[in-house]
């Protein structure tokens, strides 16, 4: 009977260890996914900011014509 109890206890302990490992792996995958999403979002925001700035800095067609006439 004692061997059965030990075996049951060992099985339970191994299952607890395995489940704990799966939880840790899941948390790591979740953190990695969150970091990838954040990097992607920042990249998109940076791209949009550069695009907006280049449009603001670029001379308008009317301004370019007016400058040519002045010189």
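Residue numbers (the UniProt record's numbering): 1 to 71.
Each residue gets a CB set at the ideal place from its N, CA and C atoms; glycine is no exception.
Note on geometry: alpha-carbon atoms of residue 3 and residue 29 lie some 39 angstroms from one another. Residue 61 carries a helical assignment under DSSP once its states are collapsed to helix, strand and coil. Judged by DSSP in its simplified three-state form, residue 1 adopts coil rather than helix or strand.
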